[in-house]
Each structure stands twice: as C-alpha cells, then as structure tokens.
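As they're listed, the protein sequences go chains A and B. First residue of the first sequence? That's 1 in my numbering, and the numbers climb one at a time after it. First residue of the second sequence? That's 224 in my numbering, and the numbers climb one at a time after it. Inspection log for the structure reproduced underneath, given as structure tokens.
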Amino acid sequence: MSELLTQLSYCVEFGKIDKASPYPPNLKGQEGADEIARRALDEGIKPDEILDKALIPAMAIVGDKFTKKIIYVPQMLMAAKAMSSAMKHLKPYFQSGETKRKGKFIIGTVSGDLHDIGKNLVAMMIEGAGWEIIDLGVDVNTDKFLKAINDNPGAVVGLSALLTTTMEHMKKTVEAIKGNYSGVTTLVGGAPVTMDYCLKIGADFYSPDPQGAVNYLNQFALK
Amino acid sequence: MTGKTFQFEFRDLNINVDNIERAMGYPEGESHEAIYDIVVKVMKQVEAICDLKAEYRIFNDISYDDANRRITVQRTVLNTGKIIYRQIKKSDALALFVCTAGREIEERSRTAMRESDVLEGYIYDIIGSAAVEATAELMQDELEHFMKSSDLKISNRFSPGYCGWDVAEQHKLFGLIPDNYCAISLTSSALMDPVKSVSGIIGIGPDLKRQASTCRFCDMKDCLYRRQD
C-alpha cells in the first residue's frame, strides 16, 4: 500500500484532522487527514483506493477499539472528524458516480425525542464504513421516515430513542415501515433499547455500540 | 407547604476536569491530552453561560399503599416502582424538586454539532449534565441542612427514568408544581425543556438515611454511569 495511504489511515485512527491539529503530539506541525487525502488524489491515487484502503479500515479499527474500551467516545469523535476532513475531498467523486458507496443509510431520532449525540455518533461511524448517510435529524415522525424510504429505494433505516416514552414511537414507526415496505431493514438503538425490545417491535437488529451496527450492515453492502 | 428557591454559581459546584473525564467513560487515572484541553476550554465557557437554578416544595399530605407500592401526594398517585418505594416509604413528607443548568449549554452543544465540531458539542453536553446533577446535589445539601434543625433526615433523591420509575410519571410531578416552575416545562414525551434539567423526589423523616449514591439500589448493573461507592 502507498505510504500516503498508510499515513492517512494513521491520521484518521488517531484523530489528526489537519496540519493545525495539535494531536497526536508525534505529528504536531505535520499534515493531517485533510491535506494527505488531497495530496493522495493529486498524486493520482484513485478515490476508491483512498476509501477502501485507508479510511474504511482506519474507522473499523477505531470502532473495534471503542467496543473493547481501549478508546472512549471523545477519541472516536476525533477520528470521525479526521475521516470527514478526508472525505470532503472524495465528495465530488461520489456525486459524479466515479466512486460508489456501500449503500444508503437513513437515520433519525424518533418523534418526541430531541437527543442526537448517540445518533450522530452512529451516523459518523457508518459513514466512515463507506455508507451514504441521510440524516433526518431529531423528533422525526413516521411520515418523514416513510418519505425518506420512498425517496431512497434500497436504503437501510436506523432509529434512535433515548427515552422510554419515545420508544413507543419507535415501535409505531417500525410497524409502519414494515407495513409499507416489508423488505426494508431496520436497526434500532439508544440507551433504553435492548435486543428483546428490538425483536418485540419487529425491527431487524439492535446493537449497543456503533461498530456492531457497522458489522451488521456490511452484509447489505452494494460493493 | 413550604418551599425554597436557589440560584448557584458554577464555581459552587465542585466540578473539575477529572469528573468530566470519568463521565465520558475514562477510567480513574486515565486521561487524554487533547480531550483535557478541550474540556478546560468548554468548562470556562459553561461557567460564563450556565444559569443554575433549583427549587423544592415540601408536601406533608402523603400516604402509602404497600400492596401496590404506590405513593399518594395530595391526590396524585406516584407509581415509583419497588426500588424507590422501599427507600421512600418511611418518609413523613416528600420534597419535590426541579433543577436546571439553563438553556444556553444545550444551544452551544447543538451549534457546535451543526458546525461539524461534534466533539466540542459532546463535551458541552457532558458538562451540562454534570452541572445540573451537581446543582441537584447542592440543593439536596441545603435541604438536608434545613431539615437537620428539626431533627429530620432525608433520603437520596430519585428521578423518573431511574431505578425503575417510568419517565412518563414526570407528568405527575409537574402536575404538582406551578407551570414553568424554575423556568422548566415538559414536552408530551416527558422531556424537560431546558434539556439539562432534573426533577424528582426526596423523602423526609426521622428514620431515613442519605447514601453516597443511588446506584446501589438500581437493577442496571451494566450502566455506564454506575458508581461503585
């Protein structure tokens, strides 16, 4: 693998966003994910290669470290930010169709619930795994989920809830999705949600951490 | 019915970087240089923008239904669940409290997230939660001190959403206090506005004991926030 891709992967794993980022100390003053991704493209490395050989593997390591409690949420967010700073250079290639993603992932916090940190974290990790994210935000009602599914055929859907009171809305939305689009896969998550609850409401998968969701999603990857 | 209102300053709360790192999941003694610097920066901002308020009201008109583990306050029946019922049932009176760290912290958190600084947004959120919990702790200290003069003790504080008490019961608590009490309102899904707010009850009586934390009473053994003391 190209030395640039190795450097890029390291920057993402350790949250080195750009040259100005002071962390990690051993890279102080050096280029970060932002500059290296740009340079990799300028030197003719294919966007697909940048995504598949540097960004996705780095984020997989980050997700795995988080699951094993080697790192914590802040470091995962730093890594995700570094990944985003590299990803912005790839966006034109996604838009032109030259580079394909694994698929689309629609995500939202269910109606009545305004909590978004867990949802954002999951969205960033799934984006880092090579998926296009359609983030519907917070307090998302069933109709909005259904419209997004209609507009994005083949997308997988993630629903988040942090309150026991709003879990009821999660149930209603999952039932409506399954009733209208039986083939759509649904993932659920949030502090009060469990695998038992997931099965009870007819959702397809629950994971207590983002990497579990990424691993599950990979079976539906289009590339 | 008596009650009291408090306004605190951030410096009263005894929150430090170490507390915040623990709240973010870092084990005792483990830190991260870059995160430390951001926590220090955000904490200074929070000190300037937070609006720490607390209020409590004491209700003497209470009764207990042992068979169904229900507490009636005036005419409102609270289904606190067995864990809280056991801790509260020796109380002669109940203090119903609400506390808030104000709206600005969550605004900053959302703005940072919107502007792609998710880490800073997350740290605002964590510090906001720590601030409102510490505010509740101070209010509880004041209540304990006040009750001591009448030879009364207090229990731990218990909130809907914890120790098996359904968060929807928050509507019942808010039905017992005036609208906009402590500048907090409740959404239909029982979410408080501002989000960085807590509500709950504290038992008052001669035979109660305030423990170091409520975690020992709770069934959620794997909870991220579980305290060992």
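Using N, Cα and C, we set each Cβ at its ideal position, and we do this for glycine too.
- Message: For chain A, check one thing: does any of its Cβ atoms lie closer than 8 Å to the Cβ of Glu256(B)?
- Response: Position 33 of the second sequence, counted from the start, is the residue given in the question as residue 256(B). Against chain A, the CB of Glu256(B) has a partner CB under 8 Å away; the residue lies at that interface.
- Length of the line joining the Cα atoms of Tyr23(A) and Tyr10(A): As a first step, residue 23(A) must be located in the first sequence, where it is residue number 23. As a first step, residue 10(A) must be located in the first sequence, where it is residue number 10. Rounded to whole angstroms, Tyr23(A) to Tyr10(A) spans 12 Å at the Cα level.
- Residues near Leu5(A) by beta carbon distance below 8 Å, same chain, minus five either side: Translated into the one-based positions of the first sequence, residue 5(A) becomes position 5. Counting only residues of its own chain and dropping the five nearest sequence neighbours on each side, Leu5(A) has a CB closer than 8 Å to the CB of Ala40, Ile45, Glu49, Ile50, Lys53 and Ala54.
- Whole-number beta carbon distance between Gly202(A) and Glu175(A), since they are thought to touch under 8 Å: Taking the first sequence and counting its residues from 1, one reaches residue 175(A) at position 175. Taking the first sequence and counting its residues from 1, one reaches residue 202(A) at position 202. Confirmed, Cβ separation roughly 7 Å.
- Item | chain B residues whose Cβ lies nearer than 8 Å to that of Leu136(A) | In the first sequence, counting from the first residue as 1, residue 136(A) sits at position 136. What Leu136(A) touches in chain B, judged by beta-carbon distance under 8 Å, is nothing: the nearest beta carbon there is about 15 Å away.
- Per DSSP, which one or two residues make a beta bridge with Gln230(B)? Within the second sequence, residue 230(B) is the residue found at index 7, counting from 1. Lys276(B).
- Own chain, CB closer than 8 Å to Val263(B), minus 5 neighbours either side, in chain order: Taking the first residue of the second sequence as 1, we reach residue 263(B) at position 40. If we look at Val263(B) and ignore the five residues flanking it on each side, its Cβ neighbours are Val240.
- If you follow the alpha helix (DSSP H) that Asp42(A) is part of, which residue opens it and which one closes it? As a working mapping, residue 42(A) is identified with position 42 in the first sequence. Following the DSSP letters along the chain, one finds Asp42(A) inside the alpha helix (DSSP H) bounded by residues Ala33 to Asp42.
- Message: Cβ closer than 7 Å: which chain A residues qualify as neighbours of Tyr385(B)?
- Response: In the second sequence, residue 385(B) corresponds to position 162, counting from 1. Within 7 Å Cβ-Cβ: nothing; Tyr385(B) doesn't reach chain A, min ~11 Å.
- Of the residues that make up the segment 381-408 of chain B, which ones have a beta carbon closer than 8 Å to any beta carbon in chain A? For the segment 381-408 of chain B, which is checked against every Cβ of chain A, the residues closer than 8 Å are Gly384, Asp389, Val390 and Ala391.
- Minimum Cβ-Cβ distance from Ala413(B) to chain A less than 8 Å: Position 190 of the second sequence, counting from 1, holds the residue named residue 413(B). Yes, Ala413(B) lies at the interface with chain A (some Cβ there is under 8 Å from its Cβ).
- In angstroms with no decimal places, state the Cα-to-Cα distance between Thr295(B) and Ser412(B). Within the second sequence, the letter at position 72 stands for residue 295(B). Within the second sequence, the letter at position 189 stands for residue 412(B). In this model, Thr295(B) and Ser412(B) are separated by some 23 Å (Cα to Cα).
- Under a Cβ-count criterion, where at least 16 other Cβ atoms within 10 Å of its own Cβ denotes burial, should Asp151(A) be classed as buried or exposed? Along the first sequence, read from residue 1 onward, the residue named residue 151(A) stands at position 151. Taking all protein chains in view, the Cβ of Asp151(A) is surrounded by fewer than 16 other Cβ atoms within 10 Å, so the residue is classified as exposed.
- Taking three-plus beta-carbon pairs below 8 Å as touching, is the segment 71-89 of chain A in contact with the segment 129-140 of chain A? The answer is no - the segment 129-140 of chain A does not touch the segment 71-89 of chain A, with fewer than three Cβ pairs under 8 Å.
- Task: Please list the segments of the alpha helix (DSSP H) lying wholly inside the segment 365-433 of chain B, counting only runs of 4 or more residues, in order along the chain.
- Result: Listed in chain order, the alpha helix (DSSP H) elements of length 4 or more contained wholly in the segment 365-433 of chain B are 393-398.
- Task: Could you say which of Ser382(B), Lys371(B) and Gly304(B) lies nearest to Glu356(B) if we only look at CA atoms?
- Result: Position 133 of the second sequence holds residue 356(B). Among Ser382(B), Lys371(B) and Gly304(B), the Cα nearest to that of Glu356(B) belongs to Ser382(B).
- Taking only beta-carbon atoms, is Pro210(A) less than 8 Å away from chain B? For the purposes of this step, residue 210(A) is taken as the residue at position 210 of the first sequence. No, no contact with chain B.
- Task: Put Val269(B) into one of helix, strand or coil per three-state DSSP.
- Result: Within the second sequence, the letter at position 46 stands for residue 269(B). Correct three-state label for Val269(B): helix.
- Excluding five sequence neighbours on each side, which residues of the same chain lie with their C-beta closer than 6 Å to the C-beta of Asn141(A)? Stepping through the first sequence from its first residue, residue 141(A) is reached at position 141. For Asn141(A), where only same-chain residues beyond five positions count, the Cβ hits under 6 Å are Ser111.
- Distance, Pro250(B) Cα to Asn26(A) Cα: In the first sequence, the residue the question calls residue 26(A) occupies position 26. In the second sequence, the residue the question calls residue 250(B) occupies position 27. Approximately 24 Å between the Cα atoms of the pair.
- Lys104(A) - partner residues in DSSP beta bridges: As a position in the first sequence, residue 104(A) is number 104, starting the count at 1. Glu132(A), per the DSSP bridge assignment.
- Task: Pull up the distance between the alpha-carbon of Ser332(B) and that of Gly15(A), whole angstroms please.
- Result: Indexing the second sequence from 1 puts residue 332(B) at position 109. Indexing the first sequence from 1 puts residue 15(A) at position 15. Distance between the alpha carbons of Ser332(B) and Gly15(A) is about 20 Å.
- Looking at Ile126(A) and Phe105(A), is the spacing between their C-beta atoms short of 8 Å? Counted from its first residue, the first sequence places residue 105(A) at position 105. Counted from its first residue, the first sequence places residue 126(A) at position 126. Their beta carbons are under 8 Å apart, which means Phe105(A) touches Ile126(A) by this criterion.
- Message: Closest to Met76(A) by C-alpha separation, out of Glu338(B), Gly248(B) and Asp315(B), would be which residue?
- Response: Here the question's residue 76(A) lines up with position 76 in the first sequence. When Glu338(B), Gly248(B) and Asp315(B) are compared, the shortest CA-CA separation from Met76(A) is found for Gly248(B).
- Query: Would a check of beta-carbon distances place Val321(B) closer than 8 Å to chain A?
  - Reply: Counting from one through the second sequence, the residue named residue 321(B) turns up at place 98. With 8 Å as the cut-off, Val321(B) does not count as an interface residue toward chain A.
- For Asn152(A) and chain B, any beta-carbon pair shorter than 8 Å? Position 152 of the first sequence holds residue 152(A). Not closer than 8 Å to any Cβ of chain B, the Cβ of Asn152(A) fails to qualify, so no.
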